[in-house]
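*Asks:* First to last, the sequence lines map onto chains A and B.
Mapped onto this note's numbering, the consecutive letters of the first sequence carry residue numbers 1 to 394.
Mapped onto this note's numbering, the consecutive letters of the second sequence carry residue numbers 1001 to 1394.
Every residue, glycine too, gets a C-beta built ideally from N, C-alpha and C.
2 protein chains.
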Amino acid sequence: MIDYPGFDFEITARDAKSGARTGRLTTPHGTIETPNYIFCGTKATVKNLSPAQLHEARTDIILSNTYHLMLQPGADLVEKMGGLHKFMNWDGPLLTDSGGFQVFSLGEGTMANEIKGRSGKGHDNRNLLEITEQGCVFRSYLDGRTINLTPEGAMDIQRKLGADLLMQFDECTPYHVDKDYTARSMEMSMRWGDRCLAHFAKTHDGRQAVYGIVQGGVYKDLRRYSADYTADRPFFGTAIGGCLGGTEEEMADVVQGSVPFIHPTRPVHFLGIGRIRDVFRFVRMGIDTFDCVIPTRLARHGTVFMRGAKGETINLKNAQYRDDPSPLDETLGLASSATFSKAYIHHLLKANENLASQILAQHNVATINRLMREVREAIPKGGLDALEKVWLGL
Amino acid sequence: MIDYPGFDFEITARDAKSGARTGRLTTPHGTIETPNYIFCGTKATVKNLSPAQLHEARTDIILSNTYHLMLQPGADLVEKMGGLHKFMNWDGPLLTDSGGFQVFSLGEGTMANEIKGRSGKGHDNRNLLEITEQGCVFRSYLDGRTINLTPEGAMDIQRKLGADLLMQFDECTPYHVDKDYTARSMEMSMRWGDRCLAHFAKTHDGRQAVYGIVQGGVYKDLRRYSADYTADRPFFGTAIGGCLGGTEEEMADVVQGSVPFIHPTRPVHFLGIGRIRDVFRFVRMGIDTFDCVIPTRLARHGTVFMRGAKGETINLKNAQYRDDPSPLDETLGLASSATFSKAYIHHLLKANENLASQILAQHNVATINRLMREVREAIPKGGLDALEKVWLGL
Chain A
1 MIDYPGFDFE ITARDAKSGA RTGRLTTPHG TIETPNYIFC GTKATVKNLS PAQLHEARTD
61 IILSNTYHLM LQPGADLVEK MGGLHKFMNW DGPLLTDSGG FQVFSLGEGT MANEIKGRSG
121 KGHDNRNLLE ITEQGCVFRS YLDGRTINLT PEGAMDIQRK LGADLLMQFD ECTPYHVDKD
181 YTARSMEMSM RWGDRCLAHF AKTHDGRQAV YGIVQGGVYK DLRRYSADYT ADRPFFGTAI
241 GGCLGGTEEE MADVVQGSVP FIHPTRPVHF LGIGRIRDVF RFVRMGIDTF DCVIPTRLAR
301 HGTVFMRGAK GETINLKNAQ YRDDPSPLDE TLGLASSATF SKAYIHHLLK ANENLASQIL
361 AQHNVATINR LMREVREAIP KGGLDALEKV WLGL
Chain B
1001 MIDYPGFDFE ITARDAKSGA RTGRLTTPHG TIETPNYIFC GTKATVKNLS PAQLHEARTD
1061 IILSNTYHLM LQPGADLVEK MGGLHKFMNW DGPLLTDSGG FQVFSLGEGT MANEIKGRSG
1121 KGHDNRNLLE ITEQGCVFRS YLDGRTINLT PEGAMDIQRK LGADLLMQFD ECTPYHVDKD
1181 YTARSMEMSM RWGDRCLAHF AKTHDGRQAV YGIVQGGVYK DLRRYSADYT ADRPFFGTAI
1241 GGCLGGTEEE MADVVQGSVP FIHPTRPVHF LGIGRIRDVF RFVRMGIDTF DCVIPTRLAR
1301 HGTVFMRGAK GETINLKNAQ YRDDPSPLDE TLGLASSATF SKAYIHHLLK ANENLASQIL
1361 AQHNVATINR LMREVREAIP KGGLDALEKV WLGL
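1. Would you mind stating whether residue 49 of chain A and residue 96 of chain A have Cβ atoms separated by less than 8 Å?
2. Is DSSP giving residue 1313 of chain B helix, strand or coil here?
3. Taking residue 1056 of chain B as the reference, which of B/1201, B/1366 and B/1292 has the closest Cα?
4. What do you get for residue 1390 of chain B, buried or exposed, if any count of 16 or more other CB atoms within 10 angstroms of its CB means buried?
5. Which stretch, first to last residue, makes up the beta strand (DSSP E) that contains residue 1148 of chain B?
6. Considering residue 14 of chain A, what are the terminal residues of the beta strand (DSSP E) in which it resides?
7. Quick one, are the C-beta atoms of residue 1362 of chain B and residue 351 of chain A less than 8 Å apart?
8. Measure the alpha-carbon distance for residue 1165 of chain B versus residue 1300 of chain B and round it to whole angstroms.
9. Excluding the 5 residues preceding and the 5 following residue 1171 of chain B in the sequence, name in chain order all residues of the same chain whose CB lies nearer than 7 Å to its CB.
10. To the nearest angstrom, how far is it from the Cα of residue 1303 of chain B to the Cα of residue 1227 of chain B?
11. Anything in the stretch 74–87 of chain A with a Cβ closer than 7 Å to a Cβ of chain B? List those residues in chain order, please.
12. Would you mind telling me which residues of chain B sit closer than 8 Å to residue 350 of chain A, beta carbon to beta carbon, in chain order?
13. Just how far apart, CA to CA, sit residue 401 of chain A and residue 242 of chain A?
14. Considering only residues of the same chain and omitting the five flanking positions on each side of residue 239 of chain A, which have a CB-CB separation below 8 Å?
15. Looking at the unbroken alpha helix (DSSP H) that takes in residue 370 of chain A, where does it start and where does it end?
16. Would residue 341 of chain A and residue 329 of chain A be called neighbours here (beta carbons separated by less than 8 Å)?
17. So residue 1364 of chain B packs on residue 1280 of chain B, CB below 8 Å; how close in whole Å?
18. In this structure, how does DSSP classify residue 1172 of chain B when only helix, strand and coil are distinguished?
19. Just to confirm the assignment, what range does the alpha helix (DSSP H) spanning residue 1229 of chain B have?
20. For a test of the three-state rule: what should DSSP assign to residue 115 of chain A, helix, strand or coil?
21. Which of the three DSSP states, helix, strand or coil, is assigned to residue 1301 of chain B?
22. Please report the distance separating the alpha-carbon of residue 368 of chain A from that of residue 292 of chain A.
23. Is the Cβ of residue 1301 of chain B closer than 8 Å to any Cβ of chain A?
24. On the CB-based measure, 16 or more other CB atoms within 10 Å of its CB, does residue 10 of chain A come out buried or exposed?
25. Do residue 1317 of chain B and residue 1346 of chain B have their CB atoms nearer than 8 Å?
26. Should residue 315 of chain A be flagged as near chain B, meaning a C-beta pair shorter than 8 Å?
27. My output table needs one value for residue 384 of chain A: the three-state DSSP class, helix, strand or coil.
28. Out of B/1276, B/1007 and B/1230, point me to the one whose CA is closest to residue 1259 of chain B's CA.
29. What residues match up with residue 1036 of chain B in a beta bridge as DSSP calls it?
30. For a cutoff of 8 Å on Cβ pairs, would you count residue 164 of chain A as touching chain B?
31. Shorter than 8 Å from the beta carbon of residue 347 of chain A to some beta carbon of chain B?
32. Alpha carbon to alpha carbon, how far is residue 1004 of chain B from residue 1201 of chain B? Give it in angstroms, no decimals.
33. Going by the CB atoms, is the gap between residue 255 of chain A and residue 282 of chain A shorter than 8 Å?
34. Could you check if residue 1052 of chain B is buried or exposed, using at least 16 other CB atoms within 10 Å of its CB as the buried criterion?
35. So, is the C-beta of residue 328 of chain A closer than 8 Å to a C-beta in chain B?
36. Is DSSP giving residue 1211 of chain B helix, strand or coil here?
Written out as structure tokens, the structure reads:
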């Protein structure tokens, strides 16, 4: 048994027609309403945005990546600087992952296609040297040094980083591995989860809480087995990870097959998924929090989420915006989205000016935060279907 | 005679020991106190900073480059979008140059070493195809198309852009050309200046005012001749341009030799110069406004201006800042300079995160604006020498 006295998750309303629910997730750094979206601050910064700009965009919670931070600037340095909250000047709830995803996906953590089921076969990562029961050995993409990462080590690093919400260390199984590999990997991840909890308990001071991760690939019986395991252990929350299949339908099928077995009153986080249509689909299955690099990554390529746009987004690089005097969105309640014309942003993108990334990243974050607010309002009223039509321009 | 009814320059105080003066420069977009610093928004954006961030850093006036804007997005587009103020959302005083400097220096406008006297010989610009009495022909660095730029054309473009303060078109003579070339070039620039004024007068609507540019290279008699010319013409202000020599001393000598002949009651702008020590040196010679890309360019390389630092700047990439918990400057009155630790900024620079450029650019702009405020306070009190010691850590 592990107590999480500074933490709480309260379910406040349920949708009559689906598994959607609203809740209130409390951490030592504040309480957030759910469903909510956790924006990626990979290297201790949400790309192109300061904490002040994140607040302006009404952001409630962000995450940072253990893998990147352990390599640079290093967990000891972050601890010495007072922990990640203080280091990056984010005073709200903060999550760190375990480092596993990037170790098992790809060196830079930017090519996770394979694990998401979009291509490849097996761990296609030249920097990953060894996976054993003990943990894994990989090569730093920064300086080539060899690094040993174990469940215990992942917890120590996350302890030093000091985020509110932590993830257990797991093997993130890739797409196209067979059921036998997936089952053995999942079972090892369960043993790793137990080691994480045991190690976490030794230094538990009430300031952090751990999520277990449901693995099992595309195999429903394995997902159920893994969900049962996490529900049975003293994790604070449950995350859904690993390969979910190659198509949207397969992904939905896997999640739908997992959630009935997930602990019913713990917060459920969906790792690495977060387009607007995903939010609508998976909120209905009971997902409480999402995270994805998409809002800031799309921004760097000139693409913005737009409430009501067919296909969710528009691309400001398109020639049609060259002389468009209209602002991005006057209804968003964000100064820069109401101020700069599409023509100006088009120009900044053509001129490779960083101000474009700043404007568009803040717009995307603010738009997703608006989406989540409206989703939270819609759930108790049974209004998800109507809201989805508005957002997706259906 | 050309009247500039919406414009004014009033000298409000003079230093007893030098040529330094304070003044008030009025444009249709507001009045600024001088001496002041005009920050470079080359492509209609001060790199990495929004107008809101510029205001937060207490910026009074910025400039944008005709050369870059005529190539992209084009003056017609900017005019169609309501002019440069509206296009880039800058509501304060705004200056445009004539395009000449970049045409005569180098294609991208980022390698002006040669004109500043730091290297090279003659116009070392592969994109410059021809200079004649009529104007010049150059090749666009963006798409290779051939462009004809004349004094009249430069005024038309600046009219469309709609800045408050315009520059005459001139040939910016490079370093290491002989006196004969410099004299002939300067005389042509004078004729170009007359053509600029004549063309400007045809469509003058009171919203814009033109500066003449003093050329003449390192030759004092030519500088005097050119200064006399600008003083004799109905320019609103005087700019000092062209090659000023290869050393700081030579540059100072050339400016010192020019200013006695510059119109005494017009505002004097020094083109492209602006380190802290330059500000102290040239304010004493009567310079009212400076411009330079240095504040934002240094920021992109991790270097910041620091009041009292030996050599003006520190470089946050240096290993000594790796674990330095102190903020950049708590006395600056700028939130981000008081908030983020040097250790965090060091990390962002190592991780190539753009947030560093944003933080450091705003810090540099705010620091230079503070410098200019303190210079303006010092001048009437005879306090320039003492202030210089403080700023340069002497």
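*Replies:* Let me spell this out:
1. No, Cβ-Cβ distance for residue 49 of chain A and residue 96 of chain A is not below 8 Å.
2. The answer is strand: DSSP assigns residue 1313 of chain B an E or B state.
3. Nearest in C-alpha terms to residue 1056 of chain B, of all of B/1201, B/1366 and B/1292, is B/1366.
4. It counts as exposed.
5. Element bounds for residue 1148 of chain B: 1146–1149.
6. 8–14 is the extent of the beta strand (DSSP E) around residue 14 of chain A.
7. Not in contact: residue 1362 of chain B and residue 351 of chain A (Cβ atoms no closer than 8 Å).
8. Distance between the alpha carbons of residue 1165 of chain B and residue 1300 of chain B: 28 Å.
9. Non-local beta-carbon contacts of residue 1171 of chain B in its own chain, meaning distances under 7 Å to residues more than five positions away in sequence, involve 1100, 1104, 1131, 1185, 1188 and 1189 in chain order.
10. Computed Cα separation, rounded: 36 Å.
11. Of all residues in the stretch 74–87 of chain A, 77, 80, 81 and 87 have a Cβ within less than 7 Å of some Cβ in chain B.
12. Under the 8 Å cutoff, chain B gives 1072 and 1073.
13. This structure cannot settle anything about residue 401 of chain A, because the visible part of chain A is limited to 1 through 394.
14. 167, 211, 212, 213, 214, 268, 269, 270 and 271, listed in sequence order.
15. Run containing residue 370 of chain A: 355–381, per the alpha helix (DSSP H) assignment.
16. For residue 341 of chain A and residue 329 of chain A, no; Cβs fall outside 8 Å.
17. Contact flag wrong, Cβ pair sits at about 17 Å.
18. In this structure, residue 1172 of chain B counts as coil in the three-state DSSP scheme.
19. Residues 1220–1232.
20. Unreliable placement is indicated for residue 115 of chain A, whose pLDDT of 46 sits below 50; the coordinate value is still reported in the next sentence. Reduced to three states, the DSSP call for residue 115 of chain A is coil.
21. Coil.
22. Going from the Cα of residue 368 of chain A to the Cα of residue 292 of chain A covers about 11 Å.
23. Answer no: the Cβ-Cβ gap between residue 1301 of chain B and chain A never drops below 8 Å.
24. Around the Cβ of residue 10 of chain A, a 10 Å sphere holds fewer than 16 other Cβ atoms; the residue is exposed.
25. Contact flag set, yes.
26. No, because no Cβ of chain B sits closer than 8 Å to the Cβ of residue 315 of chain A.
27. Residue 384 of chain A falls in the helix class under three-state DSSP.
28. Residue nearest to residue 1259 of chain B within the set B/1276, B/1007 and B/1230 is B/1230 (criterion: CA-CA distance).
29. Bridge partners of residue 1036 of chain B: B/1289.
30. It does not; no Cβ of chain B falls within 8 Å.
31. By this cut-off, residue 347 of chain A is an interface position.
32. Annotation: residue 1201 of chain B to residue 1004 of chain B spans about 11 Å, alpha carbon to alpha carbon.
33. Judged by their CB atoms, residue 282 of chain A and residue 255 of chain A are nearer to each other than the 8 Å cut-off.
34. Answer is exposed; the Cβ neighbour count stays below 16.
35. Against chain B, the CB of residue 328 of chain A has no partner CB under 8 Å away; the residue lies outside that interface.
36. Note: residue 1211 of chain B maps to strand in three-state DSSP.
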